[in-house]
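Quick notes on the structure that follows.
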Amino acid sequence: MKKTLVSLSTAVLLGLSSLYAYAADPIVIKFSHVVAPDTPKGKAAEKFKTLAEEKTKGAVKVEVYPNSTLYKDKEEMEALQMGAVQMLAPSLAKFGPLGVKDFEAFDLPYIFDSYAALHTVTQGQVGKDLLAKLEPKGIKGLAYWDNGFKVMSANKPLKAVADYKGLKMRIQSSKVLEAEMRALGANPQVLPFSETYQALQTGVVDGTENPPSNMYTQKMHEVQKHATVTNHGYLGYAVIANKAFWDKLPEDVRKGLDEAMTESTEYANKIAKEENDKALEAIKASGKTEIYTPTADETTALKAALMPVHEEMADRIGKDLIESIKKATASVPKEEAKADAKEEKAEAKEAKADAKEEKAEAKEAKADAKEEKAEAKEEKAK
136 MKKTLVSLST AVLLGLSSLY AYAADPIVIK FSHVVAPDTP KGKAAEKFKT LAEEKTKGAV
196 KVEVYPNSTL YKDKEEMEAL QMGAVQMLAP SLAKFGPLGV KDFEAFDLPY IFDSYAALHT
256 VTQGQVGKDL LAKLEPKGIK GLAYWDNGFK VMSANKPLKA VADYKGLKMR IQSSKVLEAE
316 MRALGANPQV LPFSETYQAL QTGVVDGTEN PPSNMYTQKM HEVQKHATVT NHGYLGYAVI
376 ANKAFWDKLP EDVRKGLDEA MTESTEYANK IAKEENDKAL EAIKASGKTE IYTPTADETT
436 ALKAALMPVH EEMADRIGKD LIESIKKATA SVPKEEAKAD AKEEKAEAKE AKADAKEEKA
496 EAKEAKADAK EEKAEAKEEK AK
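Positions 136 to 517 (our numbering) are the ones given, in order, by the sequence shown.
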């Protein structure tokens, strides 16, 4: 693989200087990712492709490679740095092993209570500063794309903290996620995403954590009898490009790609919750996995077991960064509660209108029945 990457990198570098001399030939961007096309990330990548080709008026051709068809998740970062691919959207945990440990803050359990809280970070100064830290690694950070909040799954019910004890739980490579599983008494097992289904099927691991969209599209629900909607952690992505490639793009092309990225990011983050909600319903409908929503007391107990991970990982991630995130998200719950109350009020109003409509329909049906009875009586009299 190393030899192949070097060869590909050489080819890219040799061709880069003359790439823009041929106006008739589009600039090819290979965009590799490891999830299915019908996940939030998969759909967003296709959206970016469409927008990029439109906004650059055909000067750019984006080739999207989903489902690890080009590189697996443990290979793709090196491929990007060497120029074998031009764009990726890896999970944020992937930057820790690269040496940018700050991104592991996103893996901390219960660091975000909602998408609104999350977006104060990813769409604010903290998020921008984090992306800038990738540049010394030859990586240009472009945007953050959401997936969603995670569920825990296994072949046994996961209700109490004690239920996790001794389970082999698949995680992606992250020191924070390792600490999280150990805090629950489980044994963390680092495995590539593309190997997770088979590992679950064959019993190499007992369970895993994932947003519902990943669980459903990778068919993990077919080999997991139970899933608990813990929402204990977040899984998201950073859209990144090879910096040397990006910096050498003509200004007008880069402008078009920036616009395409802005619009595709709005799209990605809009559909993320919808796709995960739909996936959870599809898993329920399959009848193969029993979905459990924990009680308030069970959530409190799980949170109590996991929150010490924040302190344990503070020196690794940075205490100041963790405090900056908490400060940025501090005002959100109040605003979120206000928005939720407004939404509940609207739903109640809609439900009331539906009930009124049903009552009117019932009254109309009763009148129709009365009329039919009268007609039948009249017919009989004849």
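Each residue gets a CB set at the ideal place from its N, CA and C atoms; glycine is no exception.
For residue j and residue i, the rounded distance between their alpha carbons
i: A483; j: T337; result: Because A483 carries a pLDDT of 48, less than 50, the predicted location of this residue cannot be relied on, and no value is offered for it.
i: A403; j: K182; result: 9 Å
i: A439; j: K165; result: 44 Å
i: E211; j: V199; result: 13 Å
i: G371; j: K505; result: 60 Å
i: E189; j: T397; result: 14 Å
i: E239; j: P347; result: 21 Å
i: E416; j: G218; result: 40 Å
i: G234; j: A179; result: 27 Å
i: D160; j: K196; result: 9 Å
i: E425; j: T174; result: 22 Å
i: F328; j: L384; result: 32 Å
i: A431; j: E409; result: 24 Å
Range covered by the alpha helix (DSSP H) that runs through residue i
i: G391; result: E386 to S421
i: E189; result: P175 to K190
i: E458; result: K454 to T464
i: E213; result: E211 to Q216
Residues of its chain near residue i, where Cβ-Cβ distance is below 6 Å and the 5 sequence neighbours each way are ignored
i: L326; result: R305 and A334
i: I375; result: L223, I274 and G276
i: D281; result: G371, N404 and A407
i: A321; result: Y299, L302 and M304
i: E344; result: K285 and M287
i: Q353; result: Y332
i: L215; result: L223 and N377
i: G342; result: S288, A289, L302 and M304
i: K423; result: H356 and E357
For residue i, the first and last residue of its enclosing beta strand (DSSP E)
i: I375; result: Y369 to N377
i: G342; result: G342 to N345
i: V197; result: V195 to Y200
i: E433; result: No beta strand (DSSP E) contains E433, which is instead part of the alpha helix (DSSP H) from A431 to L441.
i: S167; result: I162 to S167
Sequence-distant residues of the same chain with beta carbon closer than 8 Å to residue i, five excluded per side
i: Q324; result: K303, M304, R305, I306, A334, V339 and V340
i: P429; result: K294, T363, V364, T365 and L437
Own chain residues within Cβ distance below 7 Å of residue i, not counting five before or after
i: A314; result: V444, E447 and M448
i: V358; result: Y332, L335 and Q336
Within-9 Å CB hit, residue i to chain D
i: L384; result: Checking the listed chains, one finds no chain D in this structure; it contains a single protein chain.
For the stretch 282–291 and the stretch 389–396, state whether three or more C-beta atom pairs, one from each stretch, are separated by less than 8 Å.
no
Length-filtered (4 minimum) alpha helix (DSSP H) runs lying within the stretch 229–276
Taking 4 residues as the minimum length, the alpha helix (DSSP H) runs contained wholly in the stretch 229–276 are 250–257 and 260–267, in order along the chain.
Which ranges does the alpha helix (DSSP H) cover as unbroken runs of at least 4 residues, wholly within the stretch 290–367, from first to last along the chain?
310–318, 331–337 and 347–352
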